[in-house]
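Here's the structure we're looking at; comments come further down.
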Amino acid sequence: MEVMLERKSSQRQSNREKKHRDLQREVSGGFQDYGDIQNDYLDERVPTYVSSSYQNRKLSEDKDRHLQKRVSELQTQVQRLERKISLLNNENESIKKRQDEKKPLEEKIKTLKKRNAELAAIARRLEEKAKHLQQENIKKVKEDGHGHPETDHLKKMFARQRAKDLSEHAKAMLAKDREIEELRKKCQELADQLSNAEFLGPENVQMYEEKEELISIIKQAAKERLTMEKQIAKIKPNVQADTKRLKELESVNEALQNEVVKLSKAKEETERLEIEFTQKKIECERLNKEIERERGRSRHLVSDHHFVVLRC
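Just so you know, we're using the numbering used here here: the sequence shown kicks off at 784 and counts up by one.
The following block contains the structure:
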């Protein structure tokens, strides 16, 4: 546009100069002050066009300089945005790599969670089984006539008392055996004395009476021994059954205690894994939020970059 204006102004100036030459030829010598008119005309007309073209040129140069400055600023801004975009892309890549690295950990957490659920189910089943066994033991104890809650302690005390009674019975039987043996010896001696005697005197009659008394004592001791043996024979099966039952209960109790220990360890491991899982979950949520923020920033920067490129 400015070039066209300059061309038009130069064309007009050339036309005016041509007219001026024509007028100069026509009125050469007719007017003496034509030089003054020419000078006035040139002073009034030509400098206005020259000054307007100069001003337009200056304005165009100022505008060009301003545009160049603006373009350089936009280029620096574009370079800065490109650097930011590259940094954000690198950060996105690193975050993706970290997420890829954490995928096996998440799978491990899932397997551990599944294992935790299985262990919890096993623990519930074992607790139910333990309760069922305890109820059965309580029923058996009640059927046997022992309704006290501390059955194990009572059974142990009962076994000790039975063992003590058996030892006392054995000691009594040994004492009776010794007494019987002594009486037998005494009877044998009396029998020998009676067999060696020639007649029965008052002394012999007394000895004979003592012999009959000793025989009755021996018979009574034998009867007591038989009754004690019968009592021991009756007591032994009950003691054996009680000891067998106690052994079974002790084995069941030990098995339940081992299961309880295992379950407590599994529970501690489960709690530790749950804490670790929650920490990893919080970390993953934080990283996902950070990724979303970085993606939003990258989209915003890309849109700014496209806008700047379009303006350039």
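Where a beta carbon is used, it is the ideal one built from N, C-alpha and C, also for glycine. Owing to the predicted nature of the structure, the values given are computational and were not obtained by experimental measurement.
Beta-carbon contacts of residue i that lie in its chain and below 7 Å, excluding the five residues immediately before and after
| i | result |
| --- | --- |
| residue 824 | Residue placement at residue 824 is flagged as unreliable, the pLDDT there being 44, under the threshold of 50; the coordinate-derived value follows with that caveat. The answer is none, since no qualifying residue turns up. |
Rounded Cβ spacing between residue i and residue j (contact assumed at less than 8 Å)
| i | j | result |
| --- | --- | --- |
| residue 1081 | residue 878 | No, residue 1081 and residue 878 are not in contact; Cβ-Cβ is about 12 Å, not under 8 Å. |
| residue 902 | residue 1084 | 50 Å between Cβ atoms; not a contact. |
| residue 881 | residue 1046 | So it is not a contact: roughly 36 Å between Cβ atoms. |
Proximity of residue i and residue j at Cβ, strictly below 8 Å
| i | j | result |
| --- | --- | --- |
| residue 1049 | residue 906 | yes |
| residue 916 | residue 1044 | no |
| residue 885 | residue 1060 | no |
| residue 854 | residue 1091 | no |
| residue 899 | residue 1056 | yes |
| residue 1029 | residue 942 | yes |
| residue 1042 | residue 949 | no |
| residue 850 | residue 1094 | no |
Top-ranked residue by Cα proximity to residue i, from the options
| i | options | result |
| --- | --- | --- |
| residue 912 | 1038, 860, 1059 and 861 | 1038 |
| residue 1058 | 887, 839 and 892 | 892 |
| residue 1009 | 961, 1027, 956 and 964 | 956 |
| residue 1067 | 844, 856 and 889 | 889 |
| residue 1134 | 845, 848 and 919 | With the chain covering 784 to 1095 only, the question about residue 1134 has no answer from this structure. |
Same chain only: Cβ atoms within 8 Å of residue i, ignoring 5 sequence neighbours per side
| i | result |
| --- | --- |
| residue 751 | A query on residue 751 cannot be resolved here, the shown segment of the chain reaching from 784 to 1095 and no further. |
| residue 842 | none |
| residue 1078 | 875 |
| residue 1073 | 878 |
Practice task
Jot down the residue ranges of each uninterrupted alpha helix (DSSP H) in the stretch 860-921, minimum 4 residues, whole runs only, in chain order.
Solution key: none
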